[in-house]
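J.: Going letter by letter, the sequence shown gives residues 0 to 109 in numbering that gives the first Met the number 0.
Mind looking over this structure? Questions follow.
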Amino acid sequence: MKCISVPVNTSAMERIDFDKCIDGDLIELTLDEDNYANLLKSNVIQQLNNELGLNIDDYEDEKITDIDKLIIARNIIQNTIMSNNSEVLIKLLTQVENAIKYKTGLFFYF
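See below:
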């Protein structure tokens with residue numbers, strides 16, 4: 000299973016780096032194989048990698064913690080939704096909006 004997590008506060012963000020999260024620390028989006036395939040097919044992951052200098056893939060964990068990069072990620076996802084309005088993209092957008100709201104980050108565990 001693939002997971003995209005958002006810590007709900009800075010303390011939770013510190014704990015996620017040490018794999019010490021407690022109940023309530025994270026808002027998690029778990030992707031089944033179909034949702035993950037749809038996410039890849041939308042090309043949004045490739046766009047995030049290219050625009051933000053990331054390496055979101057199956058082999059490494061990745062995170063976006065800079066607020067400016069989170070805003071760029073939100074814009075990329077919103078633009079992708081306009082041409083591919085899938086449920087998984089809407090859920091990803093919600094995760095980015097949570098990360099911006101809580102001033103934490105978006106953590107990809109693929």
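Idealized CB from N, CA, C, for every residue including glycine.
Of the choices Phe106, Ala36, Asn97 and Ala11, whose alpha-carbon is the least far from that of Glu59?
T.: Phe106
J.: Does DSSP put Ser4 in a helix, in a strand, or in coil?
T.: Ser4 falls in the strand class under three-state DSSP.
J.: Can you tell me where the beta strand (DSSP E) with Leu28 in it begins and where it stops?
T.: Leu25 to Leu30
J.: Using alpha carbons as the reference points, say which of Lys62, Asn37, Ser10 and Leu39 lies closest to Val95.
T.: Lys62
J.: Assign Ile71 to one of three DSSP states: helix, strand, or coil.
T.: helix
J.: Between Arg14 and Asp24, is the Cβ-Cβ spacing less than 8 Å?
T.: yes
J.: Taking the C-alpha atoms as reference points, what is the distance between Leu28 and Asn49?
T.: Rounded to the nearest angstrom, the two C-alpha atoms are 23 Å apart.
J.: Under the assumption that Ser85 contacts Ser41 (Cβ atoms under 8 Å), give the Cβ distance between them as a whole number of angstroms.
T.: 6 Å
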